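In the numbering used here, the protein residues as written are 451 to 695. Notes follow the structure.
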Ligand code: NAD
């Protein structure tokens, strides 16, 4: 396949919308999931039913060996990954003094090392082809501080550093590295905040609503597209103006 996209954590939420959008845009899509095999396979059935190429691949992105094995399976089925979307992530709230070593390490293992593992696994093919596109998923909390989300915010700041530095390093190989920074997006991840808080957050958003997974999928699709062929090392914030206006 000419265009092969691997989207981590794509059985639900933003990742699922990204996978759907990329399939519609003509990519063979690899849907990585951690535990929700049923949902991943449901999405594969939906996409293949619509005439798209798709496969589901299990891996904990925090586990380097599992990621390497996942990428090997993808390469055997569709060929090398040409577009990597690092979407898998975990979030949660805690006062900083209550953050345990386990929590800190798991957040970094998934949100940051997960991206390192997938990038290092797909890079040999991209470097060989002297082409490729990598899109990381940061957050507005990777651009601004977030009270009670210090750990999450640190991982998302780090992803921006990874994006900018790697973009410099890989530009001579014609591999673009960019980042999306979603605002508050209506997915399972934010339901813990409760409906009242979500309503208040929508009101605080200049565009007057929460984001949808499809809003972020559109930003990813743009960064992946030919229209963005001169764009690398950038952070595209999609937050309805929440922090950016
Ligand atoms: P979500 O919780 O619905 O989805 C996260 C996905 O990541 C799930 O499918 C989950 O199974 C997967 N995942 C978690 N740990 C994994 C692991 N170790 N290996 C593989 N997959 C794993 O949340 P979402 O809102 O769709 O979030 C997607 C991304 O967007 C995350 O990186 C998140 O930090 C980021 N983000 C979300 C928001 C928001 O408001 N929802 C805002 C900014 C950034």
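Each residue gets a CB set at the ideal place from its N, CA and C atoms; glycine is no exception. Model, not experiment: these values are computed from the prediction.
Check                                                                                                                    : Outcome
Residue 586, enclosing beta strand (DSSP E) - first and last residue                                                     : 582–587
Three CB pairs or more closer than 8 Å across the stretch 452–466 and the stretch 658–675                                : yes
Every unbroken alpha helix (DSSP H) inside the stretch 522–577 [4 residues or more]                                      : 551–557
Beta-carbon proximity of residue 631 to residue 686, cut-off 8 Å                                                         : yes
Assigned exposure category for residue 643 - 16 Cβ within 10 Å defines buried                                            : exposed
Ordered list of alpha helix (DSSP H) runs contained in the stretch 456–525, each at least 4 residues                     : 463–474, 487–499
Residues that residue 631 bridges to, as DSSP identifies them                                                            : 687
Heavy atom of the ligand NAD within 7 Å of residue 639 beta-carbon                                                       : yes
Nearest-angstrom Cβ-Cβ length linking residue 546 and residue 454, presumed shorter than 8 Å                             : Not a contact, Cβ separation roughly 41 Å.
Sequence-distant residues of its chain with Cβ nearer than 6 Å to residue 611 (five each side left out)                  : none
Selection from 578, 689, 540 that minimises the alpha carbon distance to residue 562                                     : 540
Residue 454, DSSP secondary structure in three states                                                                    : strand
heavy atom of the ligand NAD below 7 Å from residue 512 C-beta                                                           : yes
Extent of the continuous alpha helix (DSSP H) run through residue 607                                                    : 600–620
Rounded straight-line distance, which links the Cα of residue 456 to that of residue 501                                 : 18 Å
Contact belief for residue 564 with residue 614 at Cβ below 8 Å, rounded distance in angstroms                           : About 18 Å; that fails the 8 Å criterion.
According to DSSP, residues forming a beta bridge with residue 590                                                       : Its beta-bridge partners do not exist; DSSP assigns none.
Secondary structure of residue 659, DSSP reduced to three states                                                         : coil
Nonlocal neighbours in the same chain, by C-beta distance under 6 Å from residue 575, ignoring five residues either side : 530
Proximity of residue 658 and residue 652 at Cβ, strictly below 8 Å                                                       : yes
Buried or exposed (CB count within 10 angstroms, at least 16 for buried), residue 595                                    : exposed
Three-pair Cβ contact test at 8 Å for the stretch 468–483 versus the stretch 502–521                                     : yes
Cβ pair residue 568, residue 536 closer than 8 Å                                                                         : yes
Cβ-Cβ distance between residue 560 and residue 509 below 8 Å                                                             : no
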